[in-house]
Amino acid sequence: MLNRLLYCLVALTMLIGSSTGAWAQERLALIVGNSKYQSLPTLANPSWDVQAIGSLLNSAGFEVTTALDLGQVGMRRKVREFTSALAAKGPDSVALVYFAGHGVQIDGQNYLLPVDAKIKTAADVPLEAVRLADVMNLLNEAPSQTRIVILDACRNDPFDAIKDKIGRGLAIVNAPAGTVVAYSTSPGSVAYDGETTFSPFTKALIEAAAEPGAGVATVFQNARLAVHKATNGLQTPWEVTALTQPFQFFPGTKKPLSEKSQDAWKNDLRSRSAKDAYDIVVQQNNVTVYQIFLAIFPNGDFSDRIRIITDRRLEMLAWYDAVTLNTIEAYQAFLERYPESDLALTAKRLMERTRARLQVARTGPGALDIENTQTNALAPVGDQKEVIKTVVKVKTVIKKVPVIKYKTIVKKVRVPVIKYREVIRRVPVIKYRTVVRTVRVPVRCKCHRRQRRTHTLQ
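Taking the numbering used here, the leading residue of the sequence shown gets 422, the next gets one more, and so forth.
Dropping the structure here:
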């Protein structure tokens, strides 16, 4: 009865939120719930979780595609169809992918398990499952403004026979720009299916997302605290965010929380009781804030819980660094720091695999001349004093190749020289002179006067 009442309450909250009008962005969601596994333990709640999440997202303006109990081929086809539809919506769209079901980590990679997965050895996982990185790559190739990936996986460890070769829970993934990846529990930990209709994470997520004006970061923070309390500290959701634009499931006027400096956090936590400070740091889920809490409240039950969360978080960050570097020295550094880790056997196996590949690189065709020079990889946490010293040893081989050289040559050549000179040439000169001659002319006048006429002779 309580579960039905909760479902009606959530539906009513979403109905109120749906009256807020049209949305500025195109919103698409793919929701997959796998419950009826053929060769693995069945899960009770994913089918209910998918229905509740689908109702929430429909009310929030999402165009929702829901799929239940998919095999490997069906999961891959749904992802391709979804990303194709997303690409057609344009670069301002919002994409949300939600998966509820079994998930495992092997060799630092996360895999989502379809219902038809038949896994007897660790080598079967990549062949039978769907790699999360492949889903992320397809999602990121489609132009969109915001991408939200929610994983309510790792409900338990379903592989007792190969548990020494798989990691506990999921591994940390890198969130590309514009993406947030939310886990139902901390990396390296398991989630619980729940004793009610919904999983603890889905129930808390729906209630947090239905709050008008709550940004996506606030939604995950509030859901984390609710799940942590509901499971008595056994399950703490976590997210990796690289969002570039604000996002709200439902519009409102609630202002996002501002960032605080370390000094501000110290003053804030000192002014509170241990219990109130505990709730705040769990909600924030920041390693630096956890460490400030432990410095102020070093003893007590709350401190023990925070210490467990912090230690596991640092271990998973160190594991992420080791897998990313993928060198012998990186795995050795991890093993030296965490010799009793549940990932120790995996680290040893990956280290031997890297050593074998290195040997092939040294002795095979086109071998590289690799020697050792030391560099250090910084720890992922700014205030963390312990640093994993990862030694990457590389020697650069310079090969002589023919070089085309160019030079400038100044050459003397004979060229005709045109000279000009002024020549004064003698030319005949025509001279004119005036000659006065006296001639006799007849005069008709009676006076018979003499008249002088002038002729110009040439």
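Think of the CB as a built atom: it goes at the ideal place given N, C-alpha and C, for glycine as much as any other residue.
If you draw a straight line from the alpha carbon of residue i to that of residue j, how long is it in whole angstroms?
i           : j           : result
residue 513 : residue 567 : 8 angstroms
residue 490 : residue 537 : 9 angstroms
residue 656 : residue 494 : 31 angstroms
residue 827 : residue 779 : Only weak support is given to the placement of residue 827: the predicted model assigns it a pLDDT of 45, under 50, and the question is left unresolved by the model.
residue 674 : residue 636 : 10 angstroms
residue 624 : residue 552 : 26 angstroms
residue 569 : residue 600 : 6 angstroms
residue 477 : residue 773 : 48 angstroms
residue 781 : residue 771 : 15 angstroms
residue 723 : residue 696 : 7 angstroms
residue 528 : residue 692 : 44 angstroms
residue 713 : residue 460 : 46 angstroms
residue 547 : residue 533 : 10 angstroms
residue 470 : residue 669 : 21 angstroms
residue 502 : residue 561 : 14 angstroms
residue 797 : residue 721 : The predicted model places residue 797 with a pLDDT of 46, which falls under 50 and marks its position as unreliable, so this point remains unresolved.
residue 739 : residue 563 : 31 angstroms
residue 717 : residue 755 : 29 angstroms
residue 592 : residue 511 : 31 angstroms
residue 749 : residue 665 : 36 angstroms
residue 784 : residue 543 : 29 angstroms
residue 735 : residue 558 : 26 angstroms
residue 504 : residue 694 : 48 angstroms
residue 741 : residue 689 : 32 angstroms
residue 631 : residue 497 : 30 angstroms
residue 541 : residue 509 : 40 angstroms
residue 687 : residue 598 : 30 angstroms
residue 706 : residue 731 : 9 angstroms
residue 760 : residue 545 : 27 angstroms
residue 818 : residue 766 : In this predicted model, residue 818 has a pLDDT of only 41, less than 50, meaning its place in the structure is not dependable enough to derive any value.
How close, in whole Å, do the beta carbons of residue i and residue j come, if the pair is a contact with beta carbons under 8 angstroms?
i           : j           : result
residue 531 : residue 594 : 6 angstroms
residue 556 : residue 602 : Wrong, their Cβ atoms sit about 11 angstroms apart, outside the cutoff.
residue 535 : residue 550 : 7 angstroms
residue 672 : residue 633 : 7 angstroms
residue 646 : residue 605 : That pair is no contact at about 14 angstroms.
residue 454 : residue 521 : 5 angstroms
residue 479 : residue 620 : Between residue 620 and residue 479 the Cβ distance is about 20 angstroms, and since that is not below 8 angstroms, they are no contact.
residue 737 : residue 658 : That pair is no contact at about 14 angstroms.
residue 733 : residue 610 : 7 angstroms
residue 574 : residue 523 : 6 angstroms
Looking at the unbroken alpha helix (DSSP H) that takes in residue i, where does it start and where does it end?
i           : result
residue 573 : Taken as a continuous stretch (DSSP letters only), residue 573 belongs to no alpha helix (DSSP H), being part of the beta strand (DSSP E) at 567-573.
residue 475 : 467-480
residue 711 : 708-717
residue 643 : 637-651
residue 732 : 722-746
residue 703 : 695-705
residue 627 : 621-630
residue 689 : 683-691
residue 495 : 493-510
residue 540 : Where residue 540 is concerned, there is no enclosing alpha helix (DSSP H), given that its DSSP letter is neither H nor E.
residue 769 : 765-784
residue 758 : 749-758
Compare the beta carbon distance of residue i and residue j with 7 angstroms and say whether it is the shorter of the two.
i           : j           : result
residue 449 : residue 507 : yes
residue 651 : residue 629 : no
residue 596 : residue 638 : no
residue 704 : residue 642 : yes
residue 777 : residue 752 : no
residue 519 : residue 452 : yes
residue 474 : residue 525 : no
residue 589 : residue 700 : no
residue 648 : residue 622 : yes
residue 729 : residue 715 : no
residue 710 : residue 702 : yes
Since residue i is in the beta strand (DSSP E), which residue starts that stretch and which ends it?
i           : result
residue 516 : 515-521
residue 488 : 484-489
residue 450 : 448-454
Based on the DSSP output, what are the partners of residue i in its beta bridges?
i           : result
residue 600 : 568
residue 659 : 604
residue 531 : 526
residue 552 : 532
residue 669 : 636
Can you find a CB in chain C that lies within less than 7 angstroms of the CB of residue i?
i           : result
residue 522 : Within the model displayed, chain C is absent; a lone protein chain is all it includes.
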